[in-house]
Ligand code: AMP
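So this is what it looks like as structure tokens:
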């Protein structure tokens, strides 16, 4: 299958060639012909599959004709996070370099004035996070009754973040005759209900199961002490032992992101941080510096785990074993993108073996230990009586990722689902989700320092 067989315009084909793509990915090959034919598409695909191009290329092809009026976009693309929205805007800029289409990015955390100006001038395509979009609509700055193509991206992430009521409202504000391109990595019942209600006989396309990890990522486990200083020391030694181009380092808690970033910087590493406590400008600025290679390391909370597409990330480190197994898949998916090779290392202390087992269960295989040892879960497991209590509550670890299990996962406390987009401090999970996150799914850090075998000779606890 080649791009030229999909029905895309010459201009779009030229942009695809300029981007260096030789063959459509599976989701592109399957979705683009239906999208061009005006059909609704339900794409079950995760990030990294090339789904951004699967919806942007048909929009560009279809919008070569026709014009947009002020404040009445022809296409609306909804993204769960500001970073993803900005990333889609970048992709549109790349693919649409030769199209004279106006694109407006409507995200929270930045002033309304520039966004208003763009809308007044007439934006063909609006890319938005749901909260900010509705703010514009409520202020009378935006009308959605000329939307021809509505894209809902990362719908299951929207569910996690409590955006489903907003998405429903937005569906109702757009014309019944719109075309909908809807993407989700998984199809929990709430998402199924939404697609049943608002999509018109969609073409369903499924390209990869949610727990799949691309074959180009080499995964390794590293035995690590639980004591924080010793763990950071072990981590630095690991970093120094590897050849790294750029690396993302994930911590479970925002607090640890800050501590680790500061500690690494103090030890001479070129490192930045990204987490939900930072304002939007600082987040974008840090991401840009990481993307451009000015920063070699980026320590991140799970806010950065999903969807971010930074092609040159050679390594992903899990400084902690994630509390939720599926986060492991999202985190390490930041490397090995678009066919490149990537390496993923995870530090594992004794107390984290239960969480490790959950990950191995999800991905359906055992991950090798760097020191070549056997799976230590059985032999090293601490007696239950020594198991520490749940880790201290941390807003981002627990609240920002309300789980789907049990409750509907409406992450915002106001029941309306977008409080945190306006005010990060308002980001709260329902009590049920918080408790869920702190219950059996979390594994505490042990107090004892168990030094990884490969470091034992040189280990000195200093930070
Ligand atoms: P996405 O899943 O949309 O985040 O895309 C993941 C990555 O794949 C991005 O870096 C794209 O630039 C890249 N990509 C998209 N389509 C293709 C293609 N047909 N061939 C090679 N790379 C692609």
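Numbering (this note's numbering), first residue to last: 20 to 482. Yeah, the Cβ is synthetic: ideal placement off N, Cα and C, and Gly gets one too. Quantities reported herein were computed from a predicted structural model and do not represent experimental measurements.
Nearer than 7 Å: is that true of the beta carbon of residue i relative to any heavy atom of ligand 1?
{"i": "residue 70", "result": "yes"}
{"i": "residue 49", "result": "no"}
{"i": "residue 44", "result": "yes"}
{"i": "residue 40", "result": "yes"}
{"i": "residue 312", "result": "no"}
{"i": "residue 354", "result": "no"}
{"i": "residue 115", "result": "no"}
{"i": "residue 67", "result": "yes"}
Considering only the alpha carbon of each residue, which of the options lies closest to residue i?
{"i": "residue 60", "options": "261, 225 and 235", "result": "225"}
{"i": "residue 194", "options": "281, 95, 271 and 204", "result": "95"}
{"i": "residue 102", "options": "116, 111 and 126", "result": "126"}
{"i": "residue 243", "options": "344, 364 and 170", "result": "364"}
{"i": "residue 185", "options": "298, 97, 91 and 342", "result": "97"}
{"i": "residue 79", "options": "107, 53, 67 and 114", "result": "114"}
{"i": "residue 164", "options": "187, 117, 92 and 109", "result": "92"}
{"i": "residue 492", "options": "288, 27, 249 and 128", "result": "This structure cannot settle anything about residue 492, because the visible part of the chain is limited to 20 through 482."}
{"i": "residue 81", "options": "120, 340, 70 and 203", "result": "120"}
{"i": "residue 155", "options": "248, 312, 167 and 131", "result": "131"}
{"i": "residue 109", "options": "388, 57 and 303", "result": "303"}
{"i": "residue 123", "options": "104, 391 and 367", "result": "104"}
{"i": "residue 4", "options": "210, 214, 343 and 167", "result": "Residue coverage of the chain in this structure runs from 20 to 482, which leaves residue 4 outside it and unanswerable."}
{"i": "residue 21", "options": "30, 48 and 387", "result": "48"}
{"i": "residue 253", "options": "279, 273, 162 and 208", "result": "279"}
{"i": "residue 362", "options": "238, 43 and 234", "result": "238"}
{"i": "residue 188", "options": "175, 176 and 216", "result": "216"}
{"i": "residue 31", "options": "204, 350 and 118", "result": "118"}
{"i": "residue 38", "options": "116, 53, 255 and 77", "result": "116"}
{"i": "residue 204", "options": "192, 198, 218 and 176", "result": "176"}
I'd like to check one pair, residue j with residue i: are the Cβ atoms closer than 8 Å?
{"i": "residue 266", "j": "residue 336", "result": "yes"}
{"i": "residue 294", "j": "residue 319", "result": "yes"}
{"i": "residue 41", "j": "residue 100", "result": "no"}
{"i": "residue 354", "j": "residue 263", "result": "no"}
{"i": "residue 389", "j": "residue 290", "result": "no"}
{"i": "residue 178", "j": "residue 144", "result": "no"}
{"i": "residue 340", "j": "residue 371", "result": "yes"}
{"i": "residue 26", "j": "residue 55", "result": "yes"}
{"i": "residue 222", "j": "residue 58", "result": "yes"}
{"i": "residue 138", "j": "residue 170", "result": "no"}
{"i": "residue 23", "j": "residue 83", "result": "no"}
{"i": "residue 245", "j": "residue 368", "result": "yes"}
{"i": "residue 561", "j": "residue 308", "result": "A query on residue 561 cannot be resolved here, the shown segment of the chain reaching from 20 to 482 and no further."}
{"i": "residue 209", "j": "residue 183", "result": "yes"}
Going by DSSP in three states, residue i sits in which element: helix, strand or coil?
{"i": "residue 129", "result": "coil"}
{"i": "residue 248", "result": "helix"}
{"i": "residue 294", "result": "coil"}
{"i": "residue 82", "result": "coil"}
{"i": "residue 267", "result": "strand"}
{"i": "residue 37", "result": "helix"}
{"i": "residue 360", "result": "coil"}
{"i": "residue 174", "result": "helix"}
{"i": "residue 342", "result": "coil"}
{"i": "residue 349", "result": "helix"}
{"i": "residue 187", "result": "helix"}
{"i": "residue 157", "result": "helix"}
{"i": "residue 474", "result": "Note that residue 474 scores a pLDDT of 31, beneath 50, so its modelled location is shaky; the value from the coordinates is reported in the next line. Helix, per DSSP."}
{"i": "residue 331", "result": "coil"}
{"i": "residue 98", "result": "coil"}
{"i": "residue 110", "result": "helix"}
{"i": "residue 146", "result": "strand"}
{"i": "residue 365", "result": "strand"}
{"i": "residue 58", "result": "coil"}
List the whole-angstrom C-beta distance separating residue i from residue j, where the pair is believed to meet the contact cut-off of C-beta under 8 Å.
{"i": "residue 206", "j": "residue 63", "result": "6 Å"}
{"i": "residue 51", "j": "residue 73", "result": "6 Å"}
{"i": "residue 160", "j": "residue 135", "result": "6 Å"}
{"i": "residue 271", "j": "residue 342", "result": "6 Å"}
{"i": "residue 250", "j": "residue 366", "result": "7 Å"}
{"i": "residue 344", "j": "residue 317", "result": "Not quite, the Cβ-Cβ distance comes to about 23 Å (not below 8 Å), so this is no contact."}
{"i": "residue 352", "j": "residue 66", "result": "7 Å"}
{"i": "residue 87", "j": "residue 141", "result": "5 Å"}
{"i": "residue 7", "j": "residue 269", "result": "Nothing can be reported for residue 7: it is not among the residues displayed for the chain, which extend from 20 to 482."}
{"i": "residue 68", "j": "residue 44", "result": "6 Å"}
{"i": "residue 90", "j": "residue 162", "result": "6 Å"}
Could you check whether the Cβ of residue i sits closer than 7 Å to any heavy atom belonging to ligand 2?
{"i": "residue 318", "result": "Because ligand 2 does not appear in the structure shown, any question about it cannot be addressed here, the ligands present being ligand 1."}
Taking 8 Å as the threshold (beta carbon to beta carbon), is residue i in contact with chain C?
{"i": "residue 25", "result": "This model lacks chain C altogether; it includes just one protein chain."}
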